[in-house]
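Trainee:
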Amino acid sequence: YSLKYFINGESVEDIRSYEIIENDKILITFGGETDDQIQDYLKQLDNQEIMK
């Protein structure tokens, strides 16, 4: 298992120092997801409407 972070569809090593900007979409996974599963999660996240 591994912890993975994605900000606006881009993989990042660490998010602790990242300053969240309005409309950012952040995905955090922990498990044995395949690359295809992660891409599916990212597509689902991208399709989510941000409510204000």
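FYI, the numbering for the sequence shown is -16 to 35, going by the working numbering. A virtual CB, placed ideally from N, CA and C, is assigned to each residue, including glycine. These figures come from a predicted structure and were not determined experimentally.
#1: Taking one C-beta from the stretch 21 to 35 and one from the stretch -5 to 10 each time, how about it: are there three or more such pairs within less than 8 Å?
#2: Could you spell out where the alpha helix (DSSP H) holding Tyr24 opens and where it closes?
#3: When the Cα atoms are used, what is the spatial distance from Ile4 to Gln27?
Mentor: In terms of the structure at hand:
#1: Short answer: they touch.
#2: That run of the alpha helix (DSSP H) goes 18 to 30.
#3: Roughly 20 Å separates the two Cα atoms.
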